[in-house]
Amino acid sequence: MGKEIDEVLIHSDEMGWREKSIPGLSEKMLWRDEDTGASIALIRFKKGVGIPSKHVHASNQFMYLLSGAYAYTESGILLQPNSFYWNPKGNVHGPTEAVEDTIFLEIFDGPHYPQRPDFYTDDKDAR
20 MGKEIDEVLI HSDEMGWREK SIPGLSEKML WRDEDTGASI ALIRFKKGVG IPSKHVHASN
80 QFMYLLSGAY AYTESGILLQ PNSFYWNPKG NVHGPTEAVE DTIFLEIFDG PHYPQRPDFY
140 TDDKDAR
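Straight run, no breaks: the sequence shown in the numbering used here ends on number 146.
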């Protein structure tokens with residue numbers, strides 16, 4: 020039997036951003052549980068970029084805004100630095116737009132989507 024992992028330290032500033040299929044949207048995946056789909060990632064939106072349509076998640080979504088400003092355009096919710104946002108599993112939300120260049124920490128406690136939304140052209144972008 021192999022050694023269990025005791026601790027992990029990641030220097031996210033040494034990681035590259037992975038571009039997603041929406042131009043101006045990228046991620047740094049910090050942790051993922053391949054069995055459950057749960058994940059922790061840094062997400063970056065360039066100013067003016069967002070999720071173009073309403074959508075639903077297959078698990079709880081948690082976001083902590085580190086820098087910038089990020090708007091849920093239909094509901095009027097505006098995330099600013101130090102904002103914490105929780106979107107419960109199954110809740111329809113969106114569309115969104117980055118009001119400024121924006122970075123947030125995003126956590127899912129399970130899989131992101133019940134199926135890949137139309138705004139992504141790559142299955143990896145919906146994980």
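The beta carbon of each residue, even a glycine, is placed where N, CA and C say it ideally should be.
Check your understanding: Taking only runs of the beta strand (DSSP E) that begin and end inside the region 68 to 108, which ones reach a length of at least 3 residues, in chain order?
Key -> If only complete runs of 3 or more residues are kept, the region 68 to 108 shows the beta strand (DSSP E) at 80 to 86, 89 to 91, 96 to 98, 103 to 106, in order along the chain.
Check your understanding: Which term fits N106, buried or exposed, when burial requires 16 or more other beta carbons within 10 angstroms of its beta carbon?
Key -> By one-based count along the sequence shown, residue 106 stands at place 87. Around the beta-carbon of N106, 16 or more other beta-carbon atoms lie within 10 Å, marking it buried.
Practice item. Check whether the region 89 to 99 touches the region 133 to 145, taking contact to mean three or more Cβ pairs, one atom from each stretch, closer than 8 Å. Key: no
Point to revise | Beta-ladder partner(s) of M48, from DSSP | key: Position 29 of the sequence shown holds residue 48. A60, per the DSSP bridge assignment.
Point to revise | Residue of T121, E53, E38 minimising C-alpha distance to F127 | key: Here residue 127 refers to the residue found at position 108 when the sequence shown is read from its first residue. Of the listed residues, the one whose Cα sits closest to F127 is E53.
Check your understanding: Would a C-beta distance cut-off of 8 Å place K108 and A88 closer than the cut-off?
Key -> Residue 108 sits at position 89 when you count from the first residue of the sequence shown. Residue 88 sits at position 69 when you count from the first residue of the sequence shown. The Cβ atoms of K108 and A88 lie no closer than 8 Å to each other.
Practice item. Assign H74 to buried or exposed, taking buried as 16 or more other Cβ atoms, counted over all protein chains shown, within 10 Å of its Cβ. Key: Counting from one through the sequence shown, the residue named residue 74 turns up at place 55. Buried is the call here.
Review point. D144: buried (16+ other C-beta within 10 angstroms of its C-beta) or exposed?
Key: The sequence position of residue 144 within the sequence shown is 125, counting from 1. D144 should be labelled buried.
Practice item. Pull up the distance between the alpha-carbon of G43 and that of L49, whole angstroms please. Key: Position 24 of the sequence shown holds residue 43. Position 30 of the sequence shown holds residue 49. So the alpha carbons of these two residues sit roughly 19 Å apart.
Point to revise | DSSP-derived helix/strand/coil call for E116 | key: Position 97 of the sequence shown holds residue 116. Correct three-state label for E116: strand.
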